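Novice: Quick one: the structure is below, questions incoming.
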Amino acid sequence: MSAADKMSRRDEMETLLPFYLNGSLEGSDLEAVEEWLATDPAAMAALGEAEAEFSGTTAANEAIRPPADALSRFAKALDAEAGPVRAPAGRSWLAQALGRFTAMPATVGWAAAAVLLALVVVQSYVHTGGKGNDFEIAGAEDDLAKLPFALVKFKPDAKMSDIAVFLDQNGLKIAGGPTASGVFRIAIPAKTGADYTKLVGLIAAQPFAETVIEGRKPVDGG
Amino acid sequence: MTAATETDRALVDRVAKGDRAAVRLLFMRHHARVYRFVVRQTGSEMMADDIANEVFLELWRQAPGFEGRSEVSTWLLGIARFKALSMLRKKKEDWIDDDDAAQVPDSADTPEVATMKEDKGAALRRFVDALPEEHRSVIDLAYYHGQSVTEIGEVLNIPVATVKTRMFYARKKLGEALKAAGYDRGWP
C-alpha cells in the first residue's frame, strides 16, 4: 500500500488544496474539495493556510530577477543558431555555413568544422586563382587570409552558439581550421598592435577558449 | 489577432515556419518563469541563465515536431527540467562560485533566532525555500506556475500518484516547520 493509499480524508483534501487554489482541479476531486469546504469547520482555516503558502511561494519566486539583457542575448544566440533556410537574404556563404555549423550539437559540430573548413580551403584556392598564401588553412572571404590572426583552440565542451555570438560581437571571423589538433585561425580586424593585443586578450579570457597563441600582428608590430 | 492575444500554440506554429519574431514573443512571455524555475532547481543564477536560453533555442529547433498534446508552458518547463538535471549531473562539482555563494543563507542566526525575527509569511517563505528539491518543485509548479497534477507529472516525468504523494509530504513538512516555529495551523 502506498503512502497515498494510507491518507486520511483530511490528508487527501490538504493534498488537493493547492490545485483547488490554482484552478486546475476538476471532476470528482473538485467536487470532493468543495464538499469538504462546505461541511468541515476546519476546512476554511486550512484553505487560509494554503493561501498563505501560495503567497509565500509566489513571493519567493518573484524575488528572483531574470537578467535585464536576456532577450537581446537570446536574439543574438538565435541568429547564430538559425540555419540558412530561415536566414535573412544577403548573408555571406561563410556566415551561412557557420550558421549550419553552430546549429549542430557540439560533438557533431567540431567534426563538421573540418569539412566546412575543407570547403573554405577549396574556395580560397578558387578565389585566389590558386595562388598560395602563408598559412595552409587560410580562408577566402573578405581577404581574411591577409588580416592579422591568432590561433585558438576551443574547449571540447564549448558551445557553438556562445562562440558565434562572441565572434559576431567583436567583429572576429574564423579564417581557417581546425587543424588535426583542433586549432582554429581567427582573423583579428585590428589596425594597431595595441588593438590586436586587446582582442587576443579578450579571446583568451572567454570561458570557451582553451589555448590562444598570437599569430600575425598588424604592421606596426604591436 | 494581435501579438498580445495570439495563443502560445499559434506562436509555436509560426516558429515552426521559421518566424523569429514569434520565438521572441514566446521568450518574452515565458522566459522569466522558466528562468526562475531553473534557479529554484539548480540554485545557480549563472546556470539558469544559460539553461533558460537553451530552452528557447530548443523551442526553435523542436517547434516543427510540437504536437500540442500539452500546454506550451508545460512543454518548456519539461525541457528546462531535463536540461537542468543534465547540467547538474555534468557540473556537479564545478558550479560552486561566487554567484552560488551569495545565495547561501546567512547562518549568523540560528533557525530559532531567525524565526523570532520574522513574521509568519517570511517564515513560510523560508521554509518553502528549505524544502528538499523534489518537494519544493511540486510546490513551485502548483502555486507559482499554476500547473495541474497531470501537468506536474509531465514536467517532472513522474506518475500522478507520485505528484500527490510529494505534495502531501511537502505540505506536511511546511506544517511541521511552522508548528516548530510557534505557528500551529492544526494540520498535520
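Protein chains in written order, with the working numbering: chain Y, 18 to 239; chain C, 188 to 375. Backbone N, C-alpha and C define an ideal beta-carbon position, used for all residues, glycine too. As the structure is a prediction and not an experimental result, all values here were calculated from the model.
#1: Please give me, in chain order, every unbroken run of the beta strand (DSSP E) with length at least 3 that falls completely inside the segment 164-193 of chain Y.
#2: Going by the DSSP bridge assignment, what does R202/Y pair with across the sheet?
#3: Could you tell me whether the Cβ atoms of F71/Y and N240/C are closer together than 8 Å?
#4: Assign K163/Y to one of two classes, buried (16 or more other C-beta atoms within 10 Å of its C-beta) or exposed (fewer than that).
#5: Pairing CB atoms from the segment 216-224 of chain Y with CB atoms from the segment 226-234 of chain C, are three or more of them under 8 Å?
#6: Do three or more CB pairs link the segment 209-218 of chain C to the segment 201-218 of chain Y at distances below 8 Å?
#7: Please determine if the segment 253-271 of chain C and the segment 338-350 of chain C are in contact, where contact requires at least 3 C-beta pairs separated by less than 8 Å.
#8: Look up E231/Y in the DSSP assignment and give the residues it is bridged to.
#9: Any contact between the segment 72-89 of chain Y and the segment 43-63 of chain Y? By contact I mean 3 or more CB pairs, one from each, below 8 Å.
#10: Going along the segment 342-353 of chain C in order, which residues come within less than 7 Å of chain Y, judged by CB to CB distance?
#11: Given this structure, state the Cα-to-Cα distance separating P83/Y from K170/Y, to the nearest angstrom.
#12: Apart from the five residues just before and just after D206/C, which ones in its own chain have a Cβ nearer than 7 Å to its Cβ?
#13: Helix, strand or coil for A226/Y, going by three-state DSSP, please let me know.
#14: So the alpha helix (DSSP H) E193/C belongs to, where does it begin and stop?
#15: Please list the residues of the segment 253-275 of chain C that have a C-beta atom closer than 9 Å to any C-beta atom in chain Y, keeping them in chain order.
#16: What residues of chain C sit near P35/Y, judged by a beta carbon separation below 8 Å?
Specialist: Looking at the coordinates:
#1: 166-171, 190-193
#2: The residue given as residue 202/Y occupies position 185 in the first sequence. Partner(s): L168/Y, G193/Y.
#3: Position 54 of the first sequence, counted from the start, is the residue given in the question as residue 71/Y. Position 53 of the second sequence, counted from the start, is the residue given in the question as residue 240/C. For F71/Y and N240/C, no; Cβs fall outside 8 Å.
#4: Start at 1 with the first residue of the first sequence, and residue 163/Y comes out as number 146. By the 10 Å Cβ count, K163/Y comes out exposed.
#5: no
#6: no
#7: yes
#8: The residue given as residue 231/Y occupies position 214 in the first sequence. Note: E231/Y sits in a beta bridge opposite A167/Y.
#9: no
#10: A348, K351, T352
#11: Here residue 83/Y is taken as the residue at index 66 of the first sequence, counted from 1. Here residue 170/Y is taken as the residue at index 153 of the first sequence, counted from 1. The alpha-carbon atoms of P83/Y and K170/Y are separated by roughly 32 Å.
#12: If you number the second sequence from 1, residue 206/C lands on position 19. Closer than 7 Å at the Cβ level, and outside the excluded window around D206/C, lies no residue.
#13: Working through the first sequence from its first residue, we reach residue 226/Y at position 209. Reduced to three states, the DSSP call for A226/Y is strand.
#14: Here residue 193/C is taken as the residue at index 6 of the second sequence, counted from 1. No alpha helix (DSSP H) contains E193/C, which DSSP labels as neither H nor E.
#15: none
#16: Taking the first residue of the first sequence as 1, we reach residue 35/Y at position 18. Those within 8 Å of P35/Y in chain C are I326, A329, Y330, M354, R358.
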